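Residue numbers (our numbering): 486 to 553.
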């Protein structure tokens, strides 16, 4: 995923994929972590088309809880 500089500057940065995915668990909608090519840290995005689901979404699907 390619992030423009203006978008990168506005997004929260996480030092690790795990930290970003932990933050995504608390969101009221699906979020996915990705490594930014500009800042080399991790951001969250709601875009998931064609992307691998994060572990917390896989677990949510297995448990039968509806996506939010």
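Glycine residues also receive a C-beta, built at the ideal position from the N, C-alpha and C atoms. None of the values given here were measured: they were computed from a predicted structure.
**Study point:** Counted within 10 angstroms of its Cβ, other Cβ atoms place residue 517 as buried (16 or more) or exposed
**Key:** The C-beta of residue 517 has 16 or more other C-beta atoms within 10 Å across all chains shown, which makes the residue buried.
Review point. Relative to the C-alpha of residue 542, which residue among 522, 490, 523 and 513 is closest?
Key: 513
**Study point:** Backbone secondary structure at residue 478 - three-state DSSP
**Key:** Nothing can be reported for residue 478: it is not among the residues displayed for the chain, which extend from 486 to 553.
Review point. Is it the case that the Cβ atoms of residue 502 and residue 528 are separated by a distance below 8 angstroms?
Key: In this structure, residue 502 lies away from residue 528, with their beta-carbon atoms at least 8 angstroms apart.
Review point. Between residue 488 and residue 522, which are expected to be in contact by the criterion C-beta below 8 angstroms, what is the C-beta distance as a whole number of angstroms?
Key: 7 angstroms
Practice item. Please determine, among 509, 511, 515 and 530, the residue with the shortest C-alpha to C-alpha distance to residue 492. Key: 530
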